[in-house]
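In what follows, a structure is listed as structure tokens, so that the remarks can point back to it.
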Amino acid sequence: RRMATGTEVVVVESAPGGDTAADTLTSTAALAAALPRFQVGDRVKVIRSRHNAFQPAESYQVGEAGIVVFAPENSSVVHVQLEGEYDAVDNTVHPPQRHKVQSRRVAASVLHLADGRPSVPDPVDEAPDKNTAERVQARLLEVERSWLKAIFNHCDARSVGRLSKEELIASVSSSHAVAGFFGLTGHEKPETYEALFRELAGNDDSITWHEFCVVYLQRLEQAAAAAGAEVEEDKMAPAEESMLREMFDKCEADGEGRARVAEILEHARQLEGCMPVVFGLRRRVRNEALQDLIRSVGEGIAARVGGDDGDITLVEVMEFAEKSGTGMTFAEKAWLDDLFHKAHATGVHVGIRSGENTFASKEGESMTKQQFLGFCKANPEQALMFGLRRHWAQKSLEDATRDALFSALQNVLRVVRGPDPDDPRVQWDALRSLYMGGMRTIASTPASSLRAY
């Protein structure tokens, strides 16, 4: 008996004399269970070619590879963004023009696909070669590298350059900031942490800095694919466009279909759930969000240390560290000693404050709060590490992402003009174009560049 499964026909054996209806139900269930299952974000490769002369989007060849971008339930067909150089025809111009693109989308049978992760090898115990390590680091923004290094070093309690399972679980369960980095709350069941460790560690029982960075980049890739992103940076992902359109439609448009800029920005300021959509897609948003986190950590320390007179002493910082319940590590003490000596070298010195305990203001023991914030910005890795070890409510990555998106919109919408200069308005098409133009100010690297890792 033959049963259709998407574009495939599968032959199912039936026992002689068996009940046809019962056999069909049993066979269908067995067939569904036997089919390969892929999820959005999975990397796959084509292991069986298919050619459809009438539907190029259903044609593919053995050896092509890409990312699953749509995987409906109870279906044997998934949509895959294949990576490579392809010819495309632009029919929006006359005459139509042929040009090269770096990806194409196809509908493929799961029976024609296999796990493609060997092209992005799981981290292994051996150290990566120099070129591989350099390619991984080149994919990171400077602020991303500082942020990741701070979290990695915070988890590395033994300071050996590798994370054990116990260290990772202890850090995730004790720090909301670290848990949030992994998309967790810190209150999950043990098996959740076990799965997280296996994802990061790969084939051995520890996590290296390289493995940590690779998994972070792969998660960005998966988040972008889940939003429906194209590889081309100048295209808006479906989830991204839906988010922006929803903000626009909430506004009261005038007779020409224009919404007030002030109202759009107000909705952007109150936007919820934007991090899964734009953090993995837009390098500009990631850059501004992480810069905001670093700035908030520095301001949080400055607000909690010292008085209202605008200066900080080394003694006060040490007392704050002790009161926060974690004390100070040798690395933190060395960092702070260096900061206070640098402050003295600038020629800006803080005097002894009257009415309080007498703190020495000699070389290396005092600085202004403004100096401290500047040093935190210049050396974000150490500032973030210090903040991660202190127990106070810190800004979440979700909030920082929303604020970064608001800032980007506010910046690009400044060019909007209208009859009333105090109340500019913008149409949907113009908003969309301005948004995409603003997001290209820090170009995103195509997700396909991850495949070499």
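Start counting the sequence shown at 45; every next residue gets the next number (the numbering used here).
Cβ atoms here follow ideal geometry from the backbone N, Cα and C, with glycine treated the same way.
Computed from a predicted structure; not experimentally measured.
Pick from the options that is closest to residue i, judged by C-alpha positions
| i | options | result |
| --- | --- | --- |
| G342 | A101, M429, E409 | M429 |
| R313 | L155, S451, D473 | S451 |
| G107 | E127, F98, S410 | E127 |
| A333 | M362, M319, A109, I345 | M319 |
| E85 | F114, E363, A101 | Per the sequence shown, the amino acid found at residue 85 is Gly instead of Glu. It is F114 whose Cα lies nearest to the Cα of G85. |
| E310 | A422, R326, M291 | M291 |
| V204 | F225, R189, S250, F241 | S250 |
| R148 | E129, Q141, H156 | E129 |
| D200 | Y104, L432, H95 | L432 |
| A152 | E235, G272, P116 | P116 |
| V154 | R81, S477, D466, F241 | R81 |
| A221 | H198, P100, V470 | H198 |
| L79 | S103, R92, H95, N118 | N118 |
| M411 | E442, E360, Q454, L441 | E360 |
| V187 | D466, A474, E425 | E425 |
| A306 | L475, A132, M480, A101 | L475 |
| E442 | K174, D336, G160, Q105 | D336 |
| A194 | N175, F225, H143 | F225 |
| T236 | R142, V150, I213, D298 | I213 |
| P463 | D298, D173, L478 | D298 |
| Y260 | G227, A365, A97, Q415 | G227 |
| R202 | S215, D466, D473 | S215 |
| H156 | Q105, D248, N175, F196 | Q105 |
Proximity of residue i and residue j at Cβ, strictly below 8 angstroms
| i | j | result |
| --- | --- | --- |
| V112 | V121 | no |
| P468 | V460 | yes |
| L417 | F384 | no |
| F419 | K386 | yes |
| A158 | K233 | no |
| L380 | G324 | no |
| K421 | I338 | yes |
| G230 | A223 | yes |
| A245 | V329 | no |
| T445 | V322 | yes |
| R302 | V145 | no |
| R326 | M480 | no |
| S103 | R94 | yes |
| G354 | K413 | yes |
| V133 | A101 | no |
Secondary structure of residue i, DSSP reduced to three states
| i | result |
| --- | --- |
| H95 | coil |
| V460 | coil |
| Q262 | helix |
| H231 | coil |
| S405 | Here S405 scores only 42 on pLDDT, less than 50, and its place in the model should not be relied on; the value that follows carries that caveat. S405 falls in the coil class under three-state DSSP. |
| D298 | coil |
| L280 | Before going further, note that residue 280 is Met rather than Leu in the sequence given. M280 falls in the coil class under three-state DSSP. |
| K367 | helix |
| Q141 | strand |
| G224 | helix |
| S398 | Model confidence at S398 stands at a pLDDT of 40, short of 50, so the residue's coordinates are unreliable; what they give is reported in the following sentence. DSSP places S398 in coil when its eight states are reduced to three. |
| P219 | Reading off the sequence shown, one finds Ser at residue 219, where the question assumed Pro. Coil at S219, not helix or strand. |
| V168 | Any reading at V168 is ruled out, since the residue's pLDDT is 40, under 50, leaving its predicted position unreliable. |
| V322 | helix |
| V106 | coil |
| A65 | Unreliable positioning characterises A65 in this predicted model, as indicated by a pLDDT of 47, which lies under 50. A coordinate reading is not provided. |
| L478 | helix |
| F82 | coil |
| Q314 | coil |
| D200 | coil |
| R434 | coil |
| E188 | helix |
| S286 | helix |
| P465 | coil |
| T72 | With a pLDDT of 49 at T72, under the threshold of 50, the modelled position of that residue is not reliable, and no figure is offered here. |
| Q117 | According to the sequence as given, residue 117 is Glu; it is not Gln. Coil at E117, not helix or strand. |
| A194 | helix |
| D173 | coil |
Opposing strand residues paired with residue i [DSSP bridges]
| i | result |
| --- | --- |
| I251 | L207 |
| L157 | V90 |
| I345 | Per DSSP, none; premise fails for I345. |
| R149 | Q125 |
| Q471 | R302 |
| T357 | S410 |
| Y130 | V145 |
| V112 | V124 |
heavy atom of the ligand SAM below 7 angstroms from residue i C-beta
| i | result |
| --- | --- |
| H156 | What this structure holds is no ligand at all, so the ligand SAM is not there to describe. |
Contact between the region 206-217 and the region 279-297 (3+ Cβ pairs under 8 angstroms): no
Segment contact flag, the region 175-183 with the region 243-262, C-beta cutoff 8 angstroms, min 3 pairs: yes
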